[in-house]
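Those protein sequence lines, which keep their order, are chains A and B.
So the number in this note's numbering is just where the residue sits in the first sequence, counting from 1, plus 61.
So the number in this note's numbering is just where the residue sits in the second sequence, counting from 1, plus 100.
Here the structure comes first, spelled out in structure tokens, and everything after it is commentary.
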Amino acid sequence: MSLLDVTGLTIRYGNTTVVDGIDLFVDRGESVGLVGESGSGKSQSALAILGLLPRQARVGGRIEFDGRSLLDAGEEALDTIRARRIGMVFQDPMQALNPYLRIGRQLRQVLLAHGLAGAGDADARVLAMLERVGLPDPERQFRAWPHELSGGMRQRVMIASALIAQPDLLIADEPTTALDVTVQAQILDMLEAIRDDTALLLITHDLGIVAGHCEHMIVLDEGRLVDQGPTTSLFSSPGSPHTRRLISAAPRVDRGDPPPPVTSATRLSVGDAVVEYGRLRAVAGASFAVREGETVAVVGESGSGKSSLVRAVLGLVPLASGRVVYAGETLEGPVQRRPQARRRDLQLVFQDPMSALNPQMRVQAIVAEPLLVNEPTMAAAARRERVAGILERVGLDESLLRRFPHELSGGQAQRVAIARALILDPKVLICDEAVAALDGSIRKQVLDLLREVQRDTGLSIVFISHDLAVVRSLSHRVLVMYMGRVVEVADCATLFDQARHPYTRALIDSVPVPDPVVAPKPAPLRGEVSSLLHPPPGCVFHPRCPKAEAICSNRAPTLRDVGGTRVACHLVN
Amino acid sequence: MTRTIKVSATFLLTIALVAVAGPWLSPHDYVATNFDRLLAAPGLGDMHLFGTDDLGRDLFVRTMLGVRVTLIVAIVASLVSLVIGVAYGAVAGFVGGRVDAVMMRFVDTLYALPFIFFVILLMVAFERNFLLIFVAIGAINWLDMARIVRGQTLSLREREFVEAAKLAGVGTPRIILRHIAPNLIGIVVVYVTLTIPQAILVESFLSFLGLGVQEPQTSLGALVNSGLGQMEGASWMLLIPAALLAAILMAFNFLGDGLRDLFDARQGP
Numbered sequence: 062m063s064l065l066d067v068t069g070l071t072i073r074y075g076n077t078t079v080v081d082g083i084d085l086f087v088d089r090g091e092s093v094g095l096v097g098e099s100g101s102g103k104s105q106s107a108l109a110i111l112g113l114l115p116r117q118a119r120v121g122g123r124i125e126f127d128g129r130s131l132l133d134a135g136e137e138a139l140d141t142i143r144a145r146r147i148g149m150v151f152q153d154p155m156q157a158l159n160p161y162l163r164i165g166r167q168l169r170q171v172l173l174a175h176g177l178a179g180a181g182d183a184d185a186r187v188l189a190m191l192e193r194v195g196l197p198d199p200e201r202q203f204r205a206w207p208h209e210l211s212g213g214m215r216q217r218v219m220i221a222s223a224l225i226a227q228p229d230l231l232i233a234d235e236p237t238t239a240l241d242v243t244v245q246a247q248i249l250d251m252l253e254a255i256r257d258d259t260a261l262l263l264i265t266h267d268l269g270i271v272a273g274h275c276e277h278m279i280v281l282d283e284g285r286l287v288d289q290g291p292t293t294s295l296f297s298s299p300g301s302p303h304t305r306r307l308i309s310a311a312p313r314v315d316r317g318d319p320p321p322p323v324t325s326a327t328r329l330s331v332g333d334a335v336v337e338y339g340r341l342r343a344v345a346g347a348s349f350a351v352r353e354g355e356t357v358a359v360v361g362e363s364g365s366g367k368s369s370l371v372r373a374v375l376g377l378v379p380l381a382s383g384r385v386v387y388a389g390e391t392l393e394g395p396v397q398r399r400p401q402a403r404r405r406d407l408q409l410v411f412q413d414p415m416s417a418l419n420p421q422m423r424v425q426a427i428v429a430e431p432l433l434v435n436e437p438t439m440a441a442a443a444r445r446e447r448v449a450g451i452l453e454r455v456g457l458d459e460s461l462l463r464r465f466p467h468e469l470s471g472g473q474a475q476r477v478a479i480a481r482a483l484i485l486d487p488k489v490l491i492c493d494e495a496v497a498a499l500d501g502s503i504r505k506q507v508l509d510l511l512r513e514v515q516r517d518t519g520l521s522i523v524f525i526s527h528d529l530a531v532v533r534s535l536s537h538r539v540l541v542m543y544m545g546r547v548v549e550v551a552d553c554a555t556l557f558d559q560a561r562h563p564y565t566r567a568l569i570d571s572v573p574v575p576d577p578v579v580a581p582k583p584a585p586l587r588g589e590v591s592s593l594l595h596p597p598p599g600c601v602f603h604p605r606c607p608k609a610e611a612i613c614s615n616r617a618p619t620l621r622d623v624g625g626t627r628v629a630c631h632l633v634n
Numbered sequence: 101m102t103r104t105i106k107v108s109a110t111f112l113l114t115i116a117l118v119a120v121a122g123p124w125l126s127p128h129d130y131v132a133t134n135f136d137r138l139l140a141a142p143g144l145g146d147m148h149l150f151g152t153d154d155l156g157r158d159l160f161v162r163t164m165l166g167v168r169v170t171l172i173v174a175i176v177a178s179l180v181s182l183v184i185g186v187a188y189g190a191v192a193g194f195v196g197g198r199v200d201a202v203m204m205r206f207v208d209t210l211y212a213l214p215f216i217f218f219v220i221l222l223m224v225a226f227e228r229n230f231l232l233i234f235v236a237i238g239a240i241n242w243l244d245m246a247r248i249v250r251g252q253t254l255s256l257r258e259r260e261f262v263e264a265a266k267l268a269g270v271g272t273p274r275i276i277l278r279h280i281a282p283n284l285i286g287i288v289v290v291y292v293t294l295t296i297p298q299a300i301l302v303e304s305f306l307s308f309l310g311l312g313v314q315e316p317q318t319s320l321g322a323l324v325n326s327g328l329g330q331m332e333g334a335s336w337m338l339l340i341p342a343a344l345l346a347a348i349l350m351a352f353n354f355l356g357d358g359l360r361d362l363f364d365a366r367q368g369p
């Protein structure tokens, strides 16, 4: 008999069915991945198991935990089960931690409230747990406030609080989605190491995580179960076309042929760019160039300065020093002071399309506006035609023209944003995490669109991303940044096959590979990015570097040529 | 359009209509006294729908007059605060930096003054001037409006769609007109509908203290005040204007809530 046995689970809100008759089983000690795109009903199912759905949800079917029906259990009985037998971890730990309680107090409460420990030994057990989840200096974190911890450390605390009662089942809903890849790898390793015989139901959109960490997988699509079985067999022979599509759309960091290098003329170059926000130096001297028809990816963890760098290039934030040269002309000052003819050549696509589209304007007005200001003499009919043409190009139906942004899906909204950026026929398109918020299948369409436009118009693309698998499939050249410095620049193929900088290597090794045959590598980096306000002396990466030597903490390395790659590391020959 | 908006707007329009047309249709005049029928109870006799007061004046006509004055005071005072507050707040928010700091410290200073005392002093010093009431109430309300508009402008200025517009070559006037202003309208409209009841309350309060409109003119606050004296013998003198005042206040509050929900929906989830 399974530990968790769900049959025919149905969840309805009014007339909308969000989960339609799914069955799922989790055995003792087993790890099961629940996979699906947004709106597939995976989080709703998890909330239903925990009895945490909002009141207006109507739940049907059977949910049995260890032989006991959870749907019929009273609120009090559910409380006990949730506290002692089922632990949970959510995507955003800040939402789940009480900001007014010190970490130690919160965990203590879990133990005391359910009589799992006496007042005397509770503190000792909390400390032991904090140590097990890999928090550095547990004694100090015990007294820390939630806001004093980084995102990764908070998620460790959440996991500690979920596992402290030694539950039989742990439900984790996108536990690492908000974290950097290197931290994600650490958390997944830790979770694997300490869960002992606790069963795991892991909800994720990332097939790489499932492939590396789950024995069983369940695939949902629009509230229906489309596939389930052992992970290895589902990956090698998916039962449904949907699963096959999901797997083939998942980009891989370990294989694939990047586009060959481009040798055309340089279109945009940036020299020794420095960006400062008060005392904080977000970009500390970065240089790069983009050729015509070339895609240059800028990668790095959060705080690496990649967004600040391109925003300074565009004139959205001031450049403290350094220069930007476009088509032989120096671009200076804030964007409003730059000549109109130059401004229109450089366009930006933001990460979150919802905040990048004016909520009070219709799609038609949003896409037409750049034309209206740049080509005021154009006839209204001609303008409408251009808008219709560009919408068709990005794969959107004309019926969307009258919609407001809040009436669009995430994928549609991002395509509207791309249409707005492309309507002026720019020469350089900067994409700041432009596909990060999109589901796998839609992301693939958007990337295909970018490649197609580049092939047809010779567009240069600067592609900022934390997702190296996407970068591998798209870019000609890659720039790796760490704490505001460029640490490595290389052709895409060279970089992925023979990364020279230890940080680049670590970034690549941290990305989960969506293939159960490839054993997941242990997390290559310890710790998290240092504070930008107090950068470490010498090489800023040395506190985390697995290979650091004495020289690294004394002298800052500069970029130099090493066999076709430019790399900033003392230890590379 | 939600139902709250429809219901409260219909109610307010009806009241306004009756307040304009009612006195005109009634056979009575707001100053005419009828000493044969002092403190008559509401009813159809002699067409004194709301009864008469202690001087024998028709209360229906006087109440409608009071509603007129109350609505006019509220709307004009809100417009005063709207114009000053939006212009002031938007300038502070746009320009930012030192200008913003100086402008907002000035607002903070005004906040610290006990305005209601100033209003009372003004009223005493300059006779009771109808115009002064508008100015006084508007002068209190624009501070809040300025703060709200400034805060909203500051955050809108940093929004990504404004950056996208800048990159596309859209000039500052058009950014303000097409991107900032439409996103301000929601909060401003909502805030205005919520300051109207505030203005009504201040006016009623002043009239209740005898500092508002002058006899024989009247307002709901003044009517409530005179009704208070006759509470035991002629409760309608108190209850009818008080109930109307409460209903108008609630309608404006509901209208504000309804509008806020409407604009929030546009802002997306």
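Where is the CB? At the ideal position from N, CA and C, for every residue including glycine.
Model, not experiment: these values are computed from the prediction.
Compute the distance between the beta-carbons of residue i and residue j, then report whether it is under 8 Å.
{"i": "F465 of chain A", "j": "P420 of chain A", "result": "yes"}
{"i": "L529 of chain A", "j": "V360 of chain A", "result": "yes"}
{"i": "R193 of chain A", "j": "I255 of chain A", "result": "yes"}
{"i": "I503 of chain A", "j": "A480 of chain A", "result": "no"}
{"i": "L490 of chain A", "j": "A498 of chain A", "result": "no"}
{"i": "I285 of chain B", "j": "F352 of chain B", "result": "no"}
{"i": "V150 of chain A", "j": "L262 of chain A", "result": "no"}
{"i": "R177 of chain A", "j": "F126 of chain A", "result": "Per the sequence presented here, residue 177 of chain A reads as Leu, with Arg not at that position. Cβ atoms of L177 of chain A and F126 of chain A: not closer than 8 Å."}
{"i": "L240 of chain A", "j": "Q216 of chain A", "result": "yes"}
{"i": "S382 of chain A", "j": "D333 of chain A", "result": "yes"}
{"i": "L556 of chain A", "j": "A474 of chain A", "result": "no"}
{"i": "A233 of chain A", "j": "P577 of chain A", "result": "no"}
{"i": "E390 of chain A", "j": "R405 of chain A", "result": "no"}
{"i": "L168 of chain A", "j": "A226 of chain A", "result": "no"}
{"i": "V180 of chain B", "j": "V235 of chain B", "result": "yes"}
Looking only at its chain, what residues have a beta carbon closer than 8 Å to the beta carbon of residue i, apart from the 5 residues adjacent to it on each side?
{"i": "T324 of chain A", "result": "R352"}
{"i": "V532 of chain A", "result": "A358, V360, F524, S526, V539 and C553"}
{"i": "P585 of chain A", "result": "T243, A246, R566, A567, D570, S571 and P607"}
{"i": "L355 of chain B", "result": "T104, I105, S108, A109, L112 and T293"}
Looking at C-alpha atoms only, which residue of the options is the closest neighbour of residue i?
{"i": "I484 of chain A", "options": "A:Q473, A:L469 and A:E436", "result": "A:E436"}
{"i": "A347 of chain A", "options": "A:R481, A:G545 and A:V396", "result": "A:G545"}
{"i": "G412 of chain A", "options": "B:P127, B:N353 and B:E260", "result": "The question names Gly, yet the displayed sequence has Gln at residue 412 of chain A. The candidate whose alpha carbon is nearest that of Q412 of chain A is B:E260."}
{"i": "S460 of chain A", "options": "A:Q425, A:R398, A:L132 and A:P581", "result": "A:Q425"}
{"i": "W206 of chain A", "options": "A:D198, A:A180, A:P160 and A:M219", "result": "A:P160"}
{"i": "T78 of chain A", "options": "A:V218, A:G102 and A:D257", "result": "A:G102"}
{"i": "L213 of chain B", "options": "B:A239, B:M147, B:M223 and B:I233", "result": "B:A239"}
{"i": "S130 of chain A", "options": "A:A109, A:P115, A:R119 and A:A381", "result": "A:A109"}
{"i": "G471 of chain A", "options": "A:D493, A:R313 and A:D500", "result": "A:D500"}
{"i": "C600 of chain A", "options": "A:S211, A:Y543, A:S592 and A:P618", "result": "A:P618"}
{"i": "R695 of chain A", "options": "A:V280, A:L224, A:T518 and A:A107", "result": "Because residue 695 of chain A is not part of the residues shown, which for chain A are 62 to 634, the question remains open."}
{"i": "H537 of chain A", "options": "A:Q515, A:V171, A:N634 and A:S614", "result": "A:Q515"}
Identify, in the order they occur along the chain, each residue of the same chain with its Cβ nearer than 6 Å to the Cβ of residue i, setting aside the five sequence neighbours on each side.
{"i": "P369 of chain B", "result": "At P369 of chain B the pLDDT is 40, less than 50, meaning the model places this residue with poor confidence; the figure from the coordinates comes in the next sentence. If we look at P369 of chain B and ignore the five residues flanking it on each side, it has no Cβ neighbours."}
{"i": "D184 of chain A", "result": "none"}
{"i": "K582 of chain A", "result": "D570"}
{"i": "M223 of chain B", "result": "L311"}
Flag residue i as yes if its beta-carbon sits less than 8 Å from any beta-carbon of chain D, otherwise no.
{"i": "H279 of chain B", "result": "The chain inventory of the structure shown lacks chain D, comprising the protein chains A and B."}
Might you give, ordered along the chain, the residues of its own chain that have their beta carbon closer than 7 Å to the beta carbon of residue i, omitting 5 neighbours on each side?
{"i": "R143 of chain A", "result": "L111"}
Answer yes if the segment 182-198 of chain B comes into contact with the segment 246-257 of chain B, meaning at least three C-beta pairs across the two stretches below 8 Å, and no otherwise.
yes
Pair every Cβ in the segment 298-309 of chain A with every Cβ in the segment 331-340 of chain A, then say whether three or more of these pairs are closer than 8 Å.
no
What residue ranges within the segment 119-203 of chain A form continuous alpha helix (DSSP H) runs of no fewer than 4 residues, ordered along the chain?
As far as the segment 119-203 of chain A is concerned, its whole alpha helix (DSSP H) runs of at least 4 residues are 136-145, 154-157, 164-174, 180-193 and 199-203.
So within the segment 221-279 of chain A, which uninterrupted beta strand (DSSP E) runs reach at least 3 residues, ignoring any that extend past its ends?
Look at the segment 221-279 of chain A and you find these whole runs of beta strand (DSSP E), each 3 residues long or longer: 230-234 and 260-265.
Runs of alpha helix (DSSP H) wholly within the segment 383-411 of chain A (minimum 4 residues, chain order)
401-404
Which complete alpha helix (DSSP H) runs does the segment 430-462 of chain A hold, if anything under 4 residues is left out?
441-454
For the segment 265-275 of chain B and the segment 129-140 of chain B, state whether three or more C-beta atom pairs, one from each stretch, are separated by less than 8 Å.
The segment 265-275 of chain B vs the segment 129-140 of chain B: no contact.
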